[in-house]
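Q:
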Amino acid sequence: MKRLFTLVLLLFTVVIAQAQQGSGVITGKVIEKITKVSLPGASVRLNPGNRYTVSDQTGDYEFLKVPEGTYEIEVIYMGYQTQKQTVTVTKGGNTVLNFSLEDGAFAMNQVVVMGDRLRGQARALNQQKNKSNISNIISSDQVGRFPDANIGEALRRVPGVTMQNDQGEARNIIIRGLAPELNAVTLNGDRIPSAEGDNRRVQMDLIPSDMISSIEVNKTLTSDMDADAIGGSVNLVTRASPNGERISATLSSGYNPIRDKALYTGAFVYGNRFAKNAIGLVLSGSYNNQNYGSDNVEAVWAKDDFGNAFVEETDIRKYDVQRIRRSMAAALDFKLGKNHTIFANAMYNWRDDRENRYRMRIDDITPQYNASNQITGYRGRVGLQTKGGADNDRNRMSRLEDQRVQNYSLRGEHLIASGLDMDWTVSYSTAREYRPNERYMLFRQSNRTLNYTGTSEFPVFNATNLNANAVGLNTISENNDLTEESELGAKLNFRLPLSVIEGQKGRLRFGGRLRIKDKDRNNIFTKYTPVNAALIPNLGSIPNTYFDGKNFQAGEQYVPGLFASRAYLASLNLTNTAVFKGEEDPTEFLALNYTAKENIYAGYLRWDQDINDRLAVIAGLRVEHTKINYTGNIIEDEEDLAGTRTSKNSYTDLLPSLTLKYQANDDLVLRGAFTTALARPNYYALTPFVGIVAGDEQIAAGNPNLDATYAYNFDLMAEQYFKSVGIISGGVFYKRLKNFIYTYADRAYTTSKFANDFPDLANPIPAGEQWAFQQDRNGESVNVYGFEVAVQRQLDFLPGKFLRGFGVYANYTFTKSKAKGITNSDGDLRENITLPGTAPHMLNASLSWENSRFSARLSANYTAAYIDELGGDAFGDAYYDKQFFLDANASLKVSKVTRFFAEATNLTNQPLRYYQGVVSQTRQMEYYRPRYNFGVKFDF
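See below:
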């Protein structure tokens, strides 16, 4: 690390000396003539010679160290007319030259009709074409053409990307078969911390899609990017200050059939420039409120000594959910003359998720056998649990999950000399998940005779003659959970011309990066017992709610049953010691609490060199040094806090990269890349804890010996662009991961296995019982490979005005993996194991039609089944089942400023489904039904 910074200082000294030579700078901005919108990704060429640059997100461009003289500047932008201007460069001067491009509809013999959708597509494809790495870009206009409420839904459309859902919304991102922990998410290049307690996942359903200007999915890295993104890096770009006044507003309402409730959405954008265009400002906000829910069935499968597979635990769950998303953002820029600009960005996302859950669980299921060892019946325990919250202004008788993510950044761009520019960024981000006054009330009856009336795909148990007056109170509990994470970041980058080939463009970049992260989780769990047992003798003696299964989406054979009402649970005065006795239950939270600190120091060199006018090479080296300090609780006898244990670790990674880009002709781009990347273990996974939840028969354990995953990546991509604003692309990729991390799960964890793994701890598993055990472990290596193809085009070659209004958007990705070093529950190596999260087939297809006033789109998304969690053997492996979503949307422009729109999502009523071992053994199926939304948008 010291040698790297010494080299950087020497380079900086040389550059300052060379910057005094007789040369100047050319800077400017590229915008659209009609709308005044900035055009990012424009190819700006300096003639004569092979010098060029690309406009950034705000449409700005610059040429450094241009010798004195007169030149021609040419701007090329797909879908727009090429424009040229002449400029004279003076010694030490900064010549400003701006461009306003006309779309192709104004050109002679041009067939391009630039509607609103096509303008957005043009901005995205121009950026993608001129990026140095392999990437996919989605503009805000493109997101708006799909019925996608959050960023996760929009990302589902990208080649090689699939999403895992929560309550019917896309939440966790998988890129090219790699789990969410192996991917990075940034906001304007700054990392977004995770609000979840035990992992690094950024919840993509937290940020509304209408708050983002564009989405960049970087599938290969360059050395100036953070290295912890093996699968890819998603950069969310917020709105920058406009080039003139902009006012936009959206109002909509809709319908959620699953609970017959409404949804409401509102959004606004205001932007303008002031002080003779020296100051730019944009403010935006979004509000979404929806009431809905889900119908859920879950099952855990086991196999007896005679080879019979049976359900040993099953749930019927009814969820009622209210989800409120609020988002606010501000961006400012201050131009301090021609050579210096300061940017300030802020974004605040706040989501309240209120949930009531009614769960009937049948567990401790014991098969009954005949003389031939065939199962003839079952006995088990029935539990009826209500999940809710206190009756206050925040909980509103529901479980409240209050998540907030904030990001603040200050950035500067400075032209130091004609041959050197510098930029810096300081950012601070926080994420918090707070669950206050979360309550549970459980009634149970044991040793019940059970009738199994279902199939393996639709498992159903019925408890015969269940009498509410015989179902006694088991537990009342309240927990308060708090997880917080913060990250302080800083960047410093320098850029200068440096070419070793005469007449060819060359550029050297170098800089440093600092990330200081803190995360902690503090949960408290309290059990309450009535002082007078006669207060709540049984389920039948209190206010209750009955659900008969009518319209239950998995089938009306699933009857949730009778539960304590949410109002009754909320009304209990648990803090009144005359009525309830409260006692903390350490087994529920002590092992979960931890504190983690992680500091990352990085430096990099990146050299861009054109070999000729077609071939460009980027060589880079990044060094990242990681220091970790984490503290977990030491638990004795399951519930006693014996102290804390602190573990410290540090390691350094060298990460070389090489990227090639070959411009075969004006429209065909060939790319290749060799890159390296890493993935750090989750904080909680490293904590030396053993968490035992005896009531649920579950054990989770940390693993302080986990190593970071290191990956070698190889990519090839070909992209054929169309002047009518379209693309056909195809590529292959290969990744080799060392020390990959997987979640090991054993659902037949016995007392002997616990004694072997944790000989120093008291054994909580009774003889003869099988519990569920989970722990993160390192595998030896995994190979991931596949290919992806995509097409995006307006069908302008078809005859007739109507047919030319059609457009297609489609992509397909194939992924396969093979993992080594995974053991089964007996410690033996397993063969032919795939990496969890590797979906073999992913397909998007969309057909659209558009003219100057009306647009409509039908969109489909398919993901094949893939393994999600490894069990102790093949029987215990859990799979995320195939999914097929069908969405539709349309909009009508009734004036220059007004547009009406309608959207329908999940028309296939696609459930979230897991299965265990084989596809017929359902582990979970959760249904949400379609959703409908109607609204109006104003653009001034």
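Going by the numbering used here, the sequence shown opens with residue 8, and the numbers climb by one from there. Here a beta-carbon is modelled for each residue, glycine too, at the ideal position from N, C-alpha and C.
1) What does a CB cutoff of less than 8 Å around residue 114 pick up in its chain, not counting 5 residues either side in sequence?
2) Between the beta-carbon of residue 357 and the beta-carbon of residue 411, is there less than 8 Å?
3) I need the DSSP call for residue 702, collapsed to helix, strand or coil.
4) Identify the continuous alpha helix (DSSP H) that holds residue 574 and give its terminal residues.
5) How about residue 204 and residue 98: do their beta carbons lie closer than 8 Å?
6) Distance, Cα to Cα, residue 131 vs residue 422?
7) In chain order, what are the residue ranges of uninterrupted beta strand (DSSP E) at least 3 long that sit wholly in the region 502 to 577?
8) Return helix, strand or coil for residue 109, following the three-state DSSP convention.
9) Can you tell which of 459, 702 and 690 has the C-alpha that lies nearest to the C-alpha of residue 712?
10) Considering only the beta carbon of each residue, do residue 512 and residue 59 sit closer than 8 Å?
11) Can you check the region 730 to 787 for any alpha helix (DSSP H) of at least 4 residues that lies completely inside it and give the ranges in chain order?
12) The beta strand (DSSP E) with residue 440 in it runs from where to where?
13) Mind checking which residues open and close the alpha helix (DSSP H) that includes residue 158?
14) Quick one: Cα of residue 677 to Cα of residue 237, how far?
15) Using only the alpha-carbon positions, how far apart do residue 116 and residue 684 sit?
16) Residues in the same chain with beta-carbon distance under 6 Å from residue 380, minus the five sequence neighbours each way, listed in chain order, please.
17) Run through DSSP, which three-state label would residue 690 get?
18) When you compare the CB of residue 583 with every CB in chain B, is at least one pair closer than 8 Å?
19) Going by the beta-carbon positions, is the gap between residue 222 and residue 241 smaller than 8 Å?
20) So which of 550, 551 and 567 has the shortest CA-CA distance to residue 558?
21) Would you report the Cα separation of residue 428 and residue 714, rounded to the nearest angstrom?
22) Apart from the five residues on each side of it in sequence, which residues of its chain come closer than 7 Å, Cβ to Cβ, to residue 266?
23) Could you check which residue in 100, 95, 39 and 143 has the C-alpha nearest to that of residue 5?
24) Between residue 662 and residue 679, which are expected to be in contact by the criterion C-beta below 8 Å, what is the C-beta distance as a whole number of angstroms?
25) I want to know whether the region 909 to 917 touches the region 873 to 885 - three or more CB-CB distances under 8 Å.
26) Whose C-beta lies closer than 6 Å to the C-beta of residue 305 among residues of the same chain, with five residues either side of it excluded?
27) Quick check: what's the CA-CA separation for residue 505 versus residue 246?
28) Taking only the alpha-carbon atoms, compute the straight-line gap between residue 388 and residue 366 and give it to the nearest angstrom.
29) If contacts are defined as beta-carbon pairs under 8 Å, then residue 532 and residue 494 qualify, I think. What distance do you get, rounded to the angstrom?
30) So what's residue 252 in DSSP terms, helix, strand or just coil?
31) Going by C-alpha to C-alpha distance, which of 336, 464 and 419 sits closest to residue 926?
32) Could you check what DSSP says for residue 217 in three-state terms: helix, strand or coil?
33) Nearest by alpha-carbon distance to residue 541: which of 528, 476 and 598 is it?
34) Where does the unbroken beta strand (DSSP E) through residue 945 begin, and where does it stop?
35) Among 167, 160 and 730, which one has its Cα closest to the Cα of residue 175?
36) Taking DSSP as the reference, what is the three-state secondary structure of residue 134?
A: Walking through what the data contain:
1) Any reading at residue 114 must be qualified, since the residue scores a pLDDT of 37, below 50, and its modelled position is unreliable; the value itself is stated next. So the list reads 88, once near-sequence residues are dropped.
2) Yes, the pair counts as a contact, with Cβ atoms nearer than the cut-off.
3) Residue 702 falls in the helix class under three-state DSSP.
4) That run of the alpha helix (DSSP H) goes 573 to 578.
5) No; because the gap between Cβ atoms is not below 8 Å, this pair is not in contact.
6) When rounded, the separation of the alpha-carbon atoms in residue 131 and residue 422 is 28 Å.
7) You should have 513 to 537, 551 to 554 and 568 to 571.
8) In the structure shown, residue 109 sits in coil (DSSP, three-state: anything other than H, G, I, E or B).
9) Cα-wise, what sits closest to residue 712 is 690.
10) Yes. Within cutoff.
11) As far as the region 730 to 787 is concerned, its whole alpha helix (DSSP H) runs of at least 4 residues are 758 to 764.
12) Unbroken beta strand (DSSP E) run through residue 440: 427 to 459.
13) Annotation: the continuous alpha helix (DSSP H) that includes residue 158 extends over 158 to 162.
14) Taking the straight line from one Cα to the other gives about 22 Å.
15) Confidence at residue 116 is low in this model, with a pLDDT of 47, below 50, so its placement is unreliable and the value that follows should be read with caution. Between the alpha carbons of residue 116 and residue 684 lies a gap of roughly 48 Å.
16) Shown here for residue 380: same chain residues with a beta carbon closer than 6 Å to its own, the five before and five after excluded, namely 313 in chain order.
17) Residue state, collapsed to three classes: helix.
18) Absent from the structure is chain B; it holds one protein chain and no more.
19) Closer than 8 Å, so yes.
20) Distances from the CA of residue 558 to each of 550, 551 and 567 were compared; the closest alpha carbon is that of 567.
21) Residue 428 and residue 714: Cα-Cα distance of roughly 38 Å.
22) These residues qualify, in order along the chain: 298, 299, 300 and 327.
23) In the structure as shown, the chain starts at 8 and stops at 947, and residue 5 therefore has no counterpart that could be examined.
24) Between residue 679 and residue 662 the Cβ distance is about 18 Å, and since that is not below 8 Å, they are no contact.
25) The region 909 to 917, when compared against the region 873 to 885, does not touch it at the 8 Å Cβ threshold.
26) So the qualifying residues of the chain are 322 and 931.
27) The alpha-carbon separation between residue 505 and residue 246 amounts to approximately 33 Å.
28) Taking C-alpha positions only, residue 388 is separated from residue 366 by approximately 14 Å.
29) Actually they are not in contact, since the Cβ atoms of residue 532 and residue 494 sit about 28 Å apart, beyond 8 Å.
30) Coil at residue 252, not helix or strand.
31) Residue 464 is the option with its Cα nearest to residue 926.
32) Residue state, collapsed to three classes: helix.
33) Ranked by Cα distance from residue 541, the first of 528, 476 and 598 is 476.
34) Start and end: 938 to 946.
35) Ranking 167, 160 and 730 by Cα distance to residue 175 puts 160 first.
36) Helix.
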